[in-house]
Amino acid sequence: MEDLVKGVVDEAGMYGVEFMDIRTLKRRHMSVTVQDGKADKVYAPIMFGAGIRVLVDGMWGFASTNLVEKEELRGCLRDAVSMAKVAGRRVLERGEVAEIKPVRDVVRTQVRRHPKEVTLEEKMTAVIELEKAAKSYDPQHVVNTIVGYTDIVSEETVSNTFGTYIESETVRTLISCSVVVKEGDVRQSGFEVRGRLMGFELVEETRPEAFSVEAARKAVSLLKAEKAPAGKFPVILSPAVTGLFTHEAFGHNAEADHVWARSSILEGKVGENVTSDMVSIIDDSTMQGLHGSYTYDSEGIPGSRRVLVDKGVLKGFMHSLETAKKFGVPPNGSARAQDHQAIPVVRMSNTYIAPGDASVDEIIEETREGILLKGGYWGYVFVERGEFTCNAEEAWMVRNGELAEHLRNVSVSGLTLEALKNIDLLSKDLEFKLAGTCGKSGQGMAVDAGGPYVRVRELVVGGQR
Amino acid sequence: MKDLLSLGRIACDSAVKAGADQADVFVQEVRSVSVSVEKSLIKSCNIIHDYGLSIRAFRNGGMGFSFTMSLKDEDAVETSKLAAALARTAQPDPDFKTLPDPREGKRVAGLYDGGVEALGVEKAVEWAMLGIDAAKSVTEDIVTMGGAGVSVERHALVNSLGVAVEDQMTSVGMGIFAIVKRGSDVGSYMEFDSARRLRDFQPEPVGRKAAEEAVRFLGAKKVETATLPVVFGPLASNTIFASTCGAANAESVQRNRSFLVGMKGRSVASEHVTIIDNGLFRAGMASAPYDGEGVPRRETAIVENGVLKTYLHNSYTSGKAGEENTGHAARWSYRGGVGIGPTNLRPKLGDWGRDEIIEETREGVYVNMAALSPNTVTGDISGTIDFGFKIENGELAFPVKNTMLGVNMVDLLRSIDAVSKDYREEPGTIMPTVRALNVRIAGGR
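Which chain is which? The protein sequence lines are A and B, in order. If you want this note's numbering, it's the 1-based position in the first sequence plus 108. If you want this note's numbering, it's the 1-based position in the second sequence plus 3.
Next up, the structure:
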């Protein structure tokens with residue numbers, strides 16, 4: 109592979125490119141879905157191909173092909189160059205990349221049980237057991253159970269005109285459980301997910317009680333839950349919701365491409381207080397085994413621990429080679445591409461608020477009337493306005509310092525800079541429970557997020573009463 | 004050019020030879036060029052040539068699925084053998100009855116335009132520049148991002164019962180996201196257009212509309228928490244109707260995962276609501292002669308005068324329920340399996356003017372776009388109004404921010420008291436303005 113891609117990199121010089129990179133990919137998925145007691149669907153797709161990106165006269169061109177063969181790659185390079193040249197006359201602000209030292213490396217995810225060494229039968233047996241446990245938690249109320257298992261083994265190379273050549277094998281494993289329960293006309297659901305940069309050991313380490321039974325328990329408990337109220341409340345975020353909030357409300361705004369494109373509310377605010385003094389926010393792709401971790405990004409830059417906010421002060425952003433050059437800072441390994449057909453863009457990895465020193469009980473005790481949110485479902489943000497939405501699986505009213513009535517699935521909305529400044533209590537916990545996929549620029553990327561229990565003095569709760 | 008149908012047959016035969024009871028194969032080739040815009044500038048031009056083949060093999064109802072990103076005969080054979088082996092390992096599913104038999108579908112005009120296939124990235128650059136410049140003509144300080152693109156798709160679908168269909172389609176599209184900042188006040192808006200044919204594509208207004216709406220959203224205010232009528236504009240009404248039809252997915256219903264379980268034949272909306280799904284509409288973005296399993300598309304009334312008339316079926320769910328297959332198998336790419344989804348939604352229009360609905364609303368909220376997709380199990384909607392206005396004395400008074408709505412989808416549908424006669428049209432789909440009563444609006448206290 110090295111000779112093949114290096115040949116294409118060398119050929120790029122003949123076109124007068126300022127920069128060029130080529131990424132190749134071979135990715136195998138294995139998925140098993142067990143639904144209502146039957147492991148009747150098994151998926152094993154195979155992806156492969158290459159993507160070539162060039163910078164010619166300040167304009168970017170990109171082309172991809174599924175065929176990783178010499179002549180095809182040469183054609184792909186020509187296509188990428190012609191793409192850049194088409195728009196070249198429109199260049200008003202030149203594309204550019206930070207100068208980097210070439211890296212040569214071969215890296216592999218360290219796993220205890222590589223998915224390829226585990227038979228499909230063993231995977232199915234394990235997933236069936238997890239699903240059975242959910243069903244048997246409360247057979248009278250459980251009306252649907254789905255447990256999904258997926259392992260993804262990606263073999264990639266990144267090579268560029270700086271002389272970088274990196275080969276990597278990345279292994280990710282993900283299991284999820286969704287349970288629907290019914291009583292009379294009321295239906296509710298519970299969900300659990302585990303995703304890690306690891307092999308089959310993830311499944312072996314997963315106890316049903318903390319996973320599929322937990323999803324069923326939540327669903328059943330929600331049958332008696334009430335509709336959430338509407339309006340402004342002090343809100344206590346549990347670690348998964350803290351992760352979702354950090355990712356949506358702050359993280360996307362700290363992606364340097366948004367800042368450069370003038371679409372971030374953090375534009376021009378480095379060195380300023382953007383959150384309450386007690387808040388530090390970190391995006392760290394080096395955390396052992398977390399779903400959003402990686403050794404090198406899709407531009408061949410080592411992943412790193414990026415302190416975005418330190419005690420309230422905005423310290424910097426997540427960068428690609430291009431944004432690092434434009435901001436005059438070193439690249440910090442934050443550009444990732446979903447596959448060979450996608451261009452690397454600035455992405456989060458594992459994003460979190462650093463823990464504080466309160467206990468969760470103290471936070472609840474100090475809340476006269478508020479809402480505690482648990483389980484992060486989905487969220488999104490309009491970065492330019494800093495208006496975010498986070499949907500939580502379940503909630504509780506807090507009254508006079510105690511947990512009161514259980515509330516159904518509800519969303520909260522806030523304005524980023526207001527909400528971050530309204531954080532007034534942080535617990536000493538640090539949990540990551542949001543393994544999933546983040547969407548940006550049409551690409552889905554593995555991420556995780558977390559933090560402690562966090563109290564925000566005021567958020568809008570979108571309830572029905 | 005590769006004969007996709009022949010390749011599909013090779014793969015399908017191979018899966019059956021390898022032990023599958025039944026199999027289907029989807030072969031797809033897509034060429035697309037696109038241009039991306041960032042900071043009111045052309046950022047990048049891209050060309051993607053994507054192709055591949057996916058196989059679903061069934062053995063005693065258990066399914067094995069695989070795809071390859073190759074159109075070589077030997078890769079097709081290997082992939083089909085793999086899918087058949089997976090199907091043998093999968094547990095049986097007695098609810099699987101059969102894949103569909105071949106049936107003649109109706110030709111749909113306007114899905115392919117040779118004029119589109121002839122376009123290069125130069126045209127996409129031209130559209131993108133048009134969008135950037137049109138936005139600037141509204142106000143110089145506008146910042147735009149987005150892009151434009153052209154794609155051509157060919158695909159073939161083959162199954163072991165004799166289904167063998169192929170098709171080609173083109174599409175063009177552009178989207179401009181406009182941002183205007185005045186101090187700490189920020190307005191933004193996304194506008195788009197898409198079409199199968201050049202004659203249906205109108206790039207000119209996209210940038211201008213995006214910029215005008217972004218400017219209109221300056222000065223947004225928070226509102227008080229209240230229960231109010233809500234007027235849903237075309238894009239919002241489309242989300243509501245599409246989510247409703249999405250929840251009528253027979254798979255979700257049979258699996259007890261939908262808030263529409265047990266609602267067939269019952270009232271789920273007010274009498275003003277009739278939603279027609281037309282998979283055959285000329286040049287529609289979601290039109291095709293056949294669904295994702297080769298069953299002829301058709302016109303289906305999903306909701307009629309408020310009554311849910313049918314669930315949406317594919318071959319699995321229709322076999323399991325013993326009901327007619329409505330031809331709603333959804334298959335977007337060789338990379339995915341087969342699901343169920345609505346096609347072009349064409350709600351029945353009412354007799355209100357859009358402006359009249361607003362004028363007749365003393366106090367309320369106008370929603371242009373919002374997170375309106377419900378929790379599909381409960382039907383509960385809890386979302387932010389992303390682009391909306393407070394209505395006061397029958398007029399759009401000011402844009403709202405940090406404002407949410409909370410309501411159950413069925414309650415919302417049942418409280419619809421007005422549907423407009425004017426509408427936004429995207430190829431195949433029409434989107435009227437509708438009003439629902441008694442929606443909980445969350446803001447300040």
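All residues carry an ideal CB built from backbone N, CA and C; glycine is no exception.
Its Cα nearest to that of GLY134(B), the residue GLU207(B) stands out among LYS404(B), GLY344(B), GLU207(B), SER191(B).
Chain order gives no chain A residues near ASN162(B), where near means a beta carbon separation below 9 angstroms; the closest approach is about 18 angstroms. Here the alpha carbon of ALA213(B) sits roughly 49 angstroms from the alpha carbon of SER163(B). Residues of the segment 357-368 of chain A whose Cβ lies closer than 9 angstroms to any Cβ of chain B, in chain order: ASP365, TRP368. Taking LEU201(B) as the centre and dropping the five residues before and after it, the same chain places the C-beta of ASP116, GLY118, VAL119, VAL175 closer than 7 angstroms to its C-beta, in chain order. DSSP, read as helix, strand or coil, puts TYR369(B) in strand. Taken through DSSP and simplified to helix, strand or coil, MET232(A) comes out as helix. A straight-line Cα-Cα distance of about 11 angstroms links GLU430(A) and TRP168(A). Counting along the chain, the unbroken beta strand (DSSP E) around TYR192(B) starts and ends at 188-198. Rounded to the nearest angstrom, the gap between the Cα atoms of ALA223(B) and ILE145(B) is 17 angstroms. Contact between ALA445(B) and GLY292(A) does not hold, since their C-beta atoms are separated by about 28 angstroms, which reaches or exceeds 8 angstroms. Across the structure, SER73(B) and ARG269(B) are spaced so that their CA atoms are roughly 48 angstroms apart. Counting along the chain, no beta strand (DSSP E) covers PHE220(B), and no H or E run does either. Between the alpha carbons of ARG349(B) and GLU156(B) lies a gap of roughly 25 angstroms. Around the beta carbon of MET4(B), fewer than 16 other beta carbons sit within 10 angstroms, so the residue counts as exposed. For ASP27(B), the secondary structure class from DSSP, reduced to helix, strand or coil, is strand. Proximity of chain A to LEU311(B) at the Cβ level (cut-off 8 angstroms) is not reached, the minimal Cβ distance being about 16 angstroms. Straight-line measurement puts the Cα of GLY342(B) at about 35 angstroms from the Cα of VAL368(B).
By the Cβ criterion, the segment 350-359 of chain A is in contact with the segment 450-468 of chain A, since at least three pairs of Cβ atoms, one from each stretch, lie closer than 8 angstroms.
For SER17(B), same chain residues with a beta-carbon under 6 angstroms away, outside a window of 5 residues either side, are VAL80, SER83 in chain order.
Annotated three-state conformation of ALA229(B) is strand, per DSSP.
Judged by pairs of C-beta atoms under 8 angstroms, the segment 515-522 of chain A touches the segment 500-507 of chain A, as three or more such pairs exist.
With the criterion set as a beta carbon lying under 8 angstroms from some beta carbon of chain B, the members of the segment 201-232 of chain A are GLU201, GLY203, LEU228, GLU229, MET232, in sequence order. Within 7 angstroms of the CB of ALA93(B), the CB atoms of chain A belong to ALA147, ASP148, LYS149, VAL150, in sequence order along the chain.
For VAL518(A), the chain B residues whose Cβ falls inside 9 angstroms of its Cβ are ASP383, SER385, GLY409, in order along the chain. Judged by DSSP secondary structure, VAL422(B) falls within the beta strand (DSSP E) whose first and last residues are 419-429. The C-alpha of ARG365(B) is placed about 52 angstroms away from the C-alpha of TYR257(A).
Contact annotation: the segment 164-172 of chain B does not touch the segment 125-140 of chain B, with fewer than three C-beta pairs closer than 8 angstroms. For a Cβ distance threshold of 7 angstroms, residue set MET155, PHE156, GLY157, ASN174 of chain A lies close to MET72(B), ordered along the chain.
Distance between ASN317(B) and GLU296(B), taken at the CA atoms: about 8 angstroms.
Taking a Cβ-Cβ cut-off of 7 angstroms, LYS139(B) has no neighbours in chain A, whose nearest Cβ is about 13 angstroms from it. By the Cβ neighbour-count rule, GLY236(B) is buried, with 16 or more other Cβ atoms within 10 Å of its own.
In this structure, the CA atom of GLU495(A) is about 21 angstroms from the CA atom of ILE390(A).
Counting along the chain, no alpha helix (DSSP H) covers THR383(A), and no H or E run does either. Residues of the segment 327-339 of chain A whose Cβ lies closer than 7 angstroms to any Cβ of chain B, in chain order: ALA338, GLY339. Put simply, the backbone Cα of GLU207(A) is about 8 angstroms away from that of LYS433(A).
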